[in-house]
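Asks: Structure provided below as structure tokens; questions to follow.
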Amino acid sequence: MSEYAGHLSYGTHGAYGVCGRRPGPARPVLLCVHGAAAVLACGSLGVTLWHGIDDRGTALAFGVLVAVGELARWSGEREAAPLGAAAALAYALLGESAGRAAQHGVAQTVAVVTAASLLGSVPHIALGHGRACDHLARRVLTVGFAALCFQPLHDDVPLAATRPGPYCAVLAMALLAVTVLCDAVLAAALARARTRWPFGPLLRDELRATRGIGSVVCASGAVMSLAVGVVGLWALPVFSLPLLLTQLSFRRYAAVRATYRQTIASLARATEIAGCTPAGHAHRVAALSRAVGRELGLTEPELTVLEYAALMHDIGQLSLLDPVPSGATASLDAEQQRRIALLGGAVVRQTGVDAEVAVVVERQADPYREQPVSARIVRVVNAYEEMTRDAGPGGPLAALEKLRLATARDYQPEVVESLARVLAHGGATDGYGPNARSEAGHGWVTHG
Amino acid sequence: MRSVPPWARVYVACVVVGALLCCVRLPDVYVSWDVVALLAALYAGGEGLRRRRPAGRDAVGHRVTGHRVAEGLGTFFPVLLAGAFLLPPPAAALLPLPGALLARVERRPRRLRRVWRTAQLAVGVWAASSAHGALGGPQAVVAHDFPYALLPAGAGVLAFCAALTVLDGGILATAERVPVRVAWRGLFLRSLAPVAVHGLAGLMMAVLWRSPYGPVAAFLVLLPMYVSCWVFAQYHRERAAHQATIRALVQAVDIKDGYTRGHSERVGQASVMIARELGMDDEQVEVLRFAGILHDVGKLGVPTRLLRKDGPLTPQERRIIELHPEYGHEMVRGIGFLGEARSAILHHHERLDGTGYPYGLAGSQIPEPARVVAVADAFDAMTSTRCYSRARPVATAVEELERCAGAQFDPRMVNALIRALDHHGWHPAVTADTPEGAGAGPVPKVGAETGG
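Chains as they are written, first to last, in the numbering used here: chain A, 1290 to 1737; chain B, 12 to 463.
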């Protein structure tokens, strides 16, 4: 989901509605998940309203915490509201409060969390940030799952009857770990349904993210539920502050990454300003490369390297004596192309960007069998972009044909076919490739 | 590396003696040694984990950012504070021993720094534990007596922070030769907020430790703290990389323009001095630094032949060069954090009387950041050597600025710069001057080849 995150910085995140990204065929997975969440939420709310709320103080405290966490959510990161998520899971796992057994059942848990999350989302929805539906559906389903799993353990195994011991902590942690893993699968499935990107890399990205913020949510949820069991509701404010600190570090990290990305994008514009390449070329190559990389199943870090390399692939031209006519490097002879690539790699190394990026830039003009996969993608996409630039309506097909004819040495056939698929997808809907790719493209272009 | 002043050695020895005195009453108290061993191991393990971070990038970060990242505020203050809340003072003072003695120390003299750090932490933890105990903290922790338990914990945090601050100021005064007057300035308030948050986590740990759930639950408290520190380190790495990138970018400009190296960075520094003098808040100051650094970035789009031309420019050539603020603005338009300061790049060649370029704005129409950067730019242009002129002394440059104030420059900015120069002098430190600084290699090619 950080795919959306990365491009938020280009100022397009307000362009989509709260729920569906754009009209299209309703996808069964999406319907299933949203339907299940809606049924669970409505059912729980109904049952709770019918029976009334037990333990009002506790419910209120956790509700406030969930709502505050939701308010403090920043749009675009993977687990956007770690405080809210941890509080919700802690409420699901709450066996006792200050030594008294807790009374709330599964229905009340889900109802309180749903209500609080909705309340906390109101400002975000009002400002048009983000896509609250998926987020809420995941929240409701995971909390319901955790509460359902915990309830029988709590009632049948005499946890509450006998003295609680260390195994409770281990149990809570394990249960939450399972919940967070399920949540990752759910998130990947939702992302897959929305974007049609391959499921495997999406799941891998979700799981990788779980190591960081997921473990924070797990541990915090467990600590909160245990601590409330021991000292009562005072544990919530005491532990929320350290958790807010964690949330703050994540946010600052995300912010600095976004800034870095913007700086690199600006650096890429140096060639355009200097008249070496046409306006927006680097950005279009970056957006399309990312789309192809995603289609080929690259992971998030690889995609970042790919994107940076694509942005800076022409930077070597700054070092040329005479600018290449309209920056069309693909039509130069191989030796010249390689020289520009090497100069570009040297400049990239100088800028302190990840050395992998420099390697991709350096190798972009080599025959594809000697290239890393990112360089293959950049080469194909760059050639395609240059060929279609002024070619008119028939251009894309002719360009793809030319690329296919050169697959013996210069362009990898698989990458060319992937590009064709991305373009076919995009041709059916809008601009480049599905969704975020076009989002990226538009984002770039708005600044171009 | 500088030699360590003898007074610093004496001072460290005194602190070590103090730390030993803290532990002297150890035989008199009842100590649960398993708790001590577990917490000390946890702290040492945390320090070990910290050590596994890629050292190279960190070191670069330090050099590049120019100021030391607060290394001391590591992951595992919560462990030390939890120990202070759980154990009697003499035993708590033992906790930092293995961790701090094994910790990675980057700068020499390593042994002295390790000993110093260990002794300092031992005294700090002892102080925290004593303050906590004096207010009846241990009983409150065992009885889960909330909110009363917050009071002794708060006292413990204050004592910990105060002890560390006092000792830190001492070492700054003796070893780094910081004037005694300023050695303590701001130390306490800067560290109080993070230590307080760590203190809350420590309190949570202590309470859970004494609860039926035992140490296992207490360990869980550390996980978010650890992840948070890890992310914080990532943040610093990324920030350093970002700054290095910007620096490389402007060095390309400096070289292309035939300036002495580091002109852009010095303009950034002078802008910061003016902004501080005008009382801007830290965030604005930082943004102005970048705006100053990037002010001439648009020159990347101007042919080097024109920038380096000897002799008079034709009007057409001049018009091309005068496009650079617009080019620069076009380039940085996508950099969100610059915000208002982007106008500094567009308008730094405007003059107060309205005869500047690109838009010929006058007086208060010129955005404030642009007026700051204009003064800083002119000042550094005068005080540094160019291919066409020798550097002038600071006093002459100031006179010249004063002469032009009102017509070309905003007198407010000129006066602010003069005041700042009076207070702090002009000691431009530029990373590009260091031999290993970025910019020695291929970037010159950008200028050289295009220059033809």
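Positions of the beta carbon are idealized from the N, C-alpha and C atoms, including for glycine.
All values derive from a computational prediction rather than experimental measurement.
According to DSSP, is E341(B) part of a helix, a strand, or is it coil?
Replies: The count along the second sequence starts at 1 and reaches residue 341(B) at position 330. Helix.
Asks: Measuring only between beta-carbons, confirm whether F1528(A) sits less than 8 Å from chain B.
Replies: Counting from one through the first sequence, the residue named residue 1528(A) turns up at place 239. Cβ-Cβ to chain B under 8 Å: yes for F1528(A).
Asks: Please confirm whether M284(B) and A431(B) have their CB atoms less than 8 Å apart.
Replies: One-based indexing of the second sequence puts residue 284(B) at position 273. One-based indexing of the second sequence puts residue 431(B) at position 420. Cβ atoms of M284(B) and A431(B): closer than 8 Å.
Asks: Run down chain B in chain order and give the residues with a C-beta less than 7 Å from the C-beta of T1535(A).
Replies: By one-based count along the first sequence, residue 1535(A) stands at place 246. Residues of chain B passing the Cβ test: P235, V238 and S239.
Asks: Could you tell me how far apart the beta carbons of L372(B) and G365(B) are, in whole angstroms, since I believe they sit closer than 8 Å?
Replies: Position 361 of the second sequence, counted from the first residue, corresponds to residue 372(B). Position 354 of the second sequence, counted from the first residue, corresponds to residue 365(B). Yes, L372(B) and G365(B) are in contact; Cβ-Cβ is about 7 Å, under 8 Å.
Asks: Which residues of chain C have a Cβ atom closer than 7 Å to the Cβ of S1504(A), listed in chain order?
Replies: Annotation note: the requested chain C is absent from the structure, which comprises protein chains A and B.
Asks: In the stretch 1322-1362 of chain A, which residue ranges form an unbroken alpha helix (DSSP H) of at least 4 residues, counting only runs that do not cross its ends?
Replies: Entirely contained in the stretch 1322-1362 of chain A, the alpha helix (DSSP H) runs reaching 4 residues are, in chain order, 1345-1360.
Asks: Pull up the CB-CB distance for P1590(A) and I1502(A), whole angstroms please, since I reckon it's below 8 Å.
Replies: What you label residue 1590(A) is simply residue 301 of the first sequence in a count that begins at 1. What you label residue 1502(A) is simply residue 213 of the first sequence in a count that begins at 1. At roughly 16 Å, the Cβ-Cβ gap does not stay under 8 Å, so P1590(A) and I1502(A) are not in contact.
Asks: Take A1325(A) as the anchor and find which of L1465(A), G1433(A), E1495(A) and E1645(A) has the nearest alpha-carbon.
Replies: Looking up residue 1325(A) in the first sequence gives position 36. Nearest C-alpha to A1325(A): G1433(A).
Asks: What whole-angstrom Cβ distance do P404(B) and L299(B) have, given they're in contact under 8 Å?
Replies: For this step, residue 404(B) is matched to residue 393 along the second sequence. For this step, residue 299(B) is matched to residue 288 along the second sequence. Not confirmed; about 26 Å, so no contact.
Asks: Given a threshold of 16 other Cβ atoms within 10 Å of its Cβ, counted over all protein chains shown, does E1651(A) qualify as buried or as exposed?
Replies: Position 362 of the first sequence, counted from the start, is the residue given in the question as residue 1651(A). Buried: at least 16 other Cβ atoms inside 10 Å.
Asks: Kindly indicate the opening and closing residues of the alpha helix (DSSP H) around H438(B).
Replies: Sequence index remark: in the second sequence, residue 438(B) carries index 427 (1-based). Premise fails: H438(B) is in no alpha helix (DSSP H) and is neither H nor E.
Asks: When you compare only the Cα positions, how much space is there between A19(B) and L318(B)?
Replies: Along the second sequence, one-based indexing puts residue 19(B) at 8. Along the second sequence, one-based indexing puts residue 318(B) at 307. Rounded to whole angstroms, A19(B) to L318(B) spans 52 Å at the Cα level.
Asks: Is the beta carbon of L108(B) less than 8 Å from the beta carbon of L91(B)?
Replies: In the second sequence, the residue the question calls residue 108(B) occupies position 97. In the second sequence, the residue the question calls residue 91(B) occupies position 80. Against a cut-off of 8 Å, the Cβ pair of L91(B) and L108(B) comes out as no contact.
Asks: Closest Cβ-Cβ distance between F157(B) and chain A: below 8 Å?
Replies: As a position in the second sequence, residue 157(B) is number 146, starting the count at 1. Yes, its Cβ sits closer than 8 Å to a Cβ of chain A.
Asks: Are I304(B) and V278(B) closer than 8 Å when you measure CB to CB?
Replies: Along the second sequence, read from residue 1 onward, the residue named residue 304(B) stands at position 293. Along the second sequence, read from residue 1 onward, the residue named residue 278(B) stands at position 267. Yes, Cβ-Cβ distance for I304(B) and V278(B) is below 8 Å.
Asks: By Cβ distance below 6 Å, which residues in the same chain neighbour A142(B) in space, the five residues on each side in sequence not counted?
Replies: The residue you call residue 142(B) lines up with position 131 of the second sequence. These residues qualify, in order along the chain: A166, G167 and A170.
Asks: Taking only beta-carbon atoms, is G253(B) less than 8 Å away from chain A?
Replies: Reading the second sequence from its first residue, position 242 is the one you call residue 253(B). Note on residue identity: the sequence assigns His, not Gly, to residue 253(B). Closer than 8 Å: yes.
Asks: Work out the CA separation of A104(B) and A133(B) for me, nearest whole Å.
Replies: By 1-based counting over the second sequence, the position of residue 133(B) is 122. By 1-based counting over the second sequence, the position of residue 104(B) is 93. Cα to Cα, A133(B) sits roughly 4 Å from A104(B).
Asks: Going along chain B, which residues have a C-beta under 9 Å from Y1380(A)?
Replies: Residue mapping note: residue 1380(A) aligns to position 91 of the first sequence, counting from 1. Here the premise fails: no neighbours, minimum Cβ distance about 17 Å.
Asks: Using a Cβ cut-off of 7 Å, pull out every chain B residue sitting near P1531(A), in sequence order please.
Replies: Reading the first sequence from its first residue, position 242 is the one you call residue 1531(A). In chain order: V208, L211, A212, P235 and M236.
Asks: Tell me, please, whether the CB atom of G1641(A) is closer than 8 Å to any CB atom in chain B?
Replies: In the first sequence, the residue the question calls residue 1641(A) occupies position 352. With 8 Å as the cut-off, G1641(A) counts as an interface residue toward chain B.
Asks: What residues from chain A crowd round A259(B), counting only those whose CB sits closer than 7 Å?
Replies: The residue labelled residue 259(B) in the question sits at position 248 within the second sequence. Simply Q1639, T1640 and G1641.
Asks: Please list the terminal residues of the continuous alpha helix (DSSP H) segment that includes H306(B).
Replies: Taking the second sequence and counting its residues from 1, the one referred to as residue 306(B) is at position 295. Element bounds for H306(B): n/a, residue is neither H nor E.
Asks: What residue ranges within the stretch 1495-1566 of chain A form continuous alpha helix (DSSP H) runs of no fewer than 4 residues, ordered along the chain?
Replies: Segments of the alpha helix (DSSP H) lying fully in the stretch 1495-1566 of chain A: 1504-1520 and 1524-1562.
Asks: Terminal residues of the continuous alpha helix (DSSP H) containing W1486(A)?
Replies: For this step, residue 1486(A) is matched to residue 197 along the first sequence. First-last for W1486(A): undefined, no H or E at that position.
Asks: Give me, in chain order, the residues of the same chain whose beta-carbon lies closer than 8 Å to that of V1642(A); leave out the 5 immediate sequence neighbours on both sides.
Replies: Residue mapping note: residue 1642(A) aligns to position 353 of the first sequence, counting from 1. Excluding positions up to five away in sequence, the list reads I1553, Y1597 and M1601.
Asks: Hey, out of G135(B), G94(B), P369(B) and A352(B), whose CA is closest to I332(B)'s CA?
Replies: Working through the second sequence from its first residue, we reach residue 332(B) at position 321. For I332(B), the nearest C-alpha among the options comes from P369(B).
Asks: Using a cut-off of 7 Å between C-beta atoms, extract the partners of T1552(A) located in chain B.
Replies: Against the first sequence, residue 1552(A) aligns to sequence position 263. Those within 7 Å of T1552(A) in chain B are H253, T256, I257 and I346.
Asks: Output the boundary residues of the alpha helix (DSSP H) element that contains Q254(B).
Replies: Taking the second sequence and counting its residues from 1, one reaches residue 254(B) at position 243. That run of the alpha helix (DSSP H) goes G225 to D268.
Asks: Going by the DSSP bridge assignment, what does E1385(A) pair with across the sheet?
Replies: Position 96 of the first sequence, counted from the first residue, corresponds to residue 1385(A). Partner(s): A1390(A).
Asks: Which stretch, first to last residue, makes up the alpha helix (DSSP H) that contains T325(B)?
Replies: Position 314 of the second sequence, counted from the start, is the residue given in the question as residue 325(B). Premise fails: T325(B) is in no alpha helix (DSSP H) and is neither H nor E.
Asks: Taking its Cβ as the centre, do 16 or more other Cβ atoms sit within 10 Å of A1463(A), making it buried, or is it exposed?
Replies: In the first sequence, counting from the first residue as 1, residue 1463(A) sits at position 174. By the neighbour-count rule (16 or more Cβ atoms within 10 Å), A1463(A) is not buried but exposed.
Asks: By Cβ distance below 6 Å, which residues in the same chain neighbour W1486(A) in space, the five residues on each side in sequence not counted?
Replies: For the purposes of this step, residue 1486(A) is identified with residue 197 of the first sequence, where counting begins at 1. For W1486(A), where only same-chain residues beyond five positions count, the Cβ hits under 6 Å are R1583.
Asks: Counting only beta-carbon separations shorter than 8 Å, does Y501(B) have a partner in chain A?
Replies: Outside the shown range of chain B (12 to 463) lies residue 501(B), about which nothing can therefore be said.
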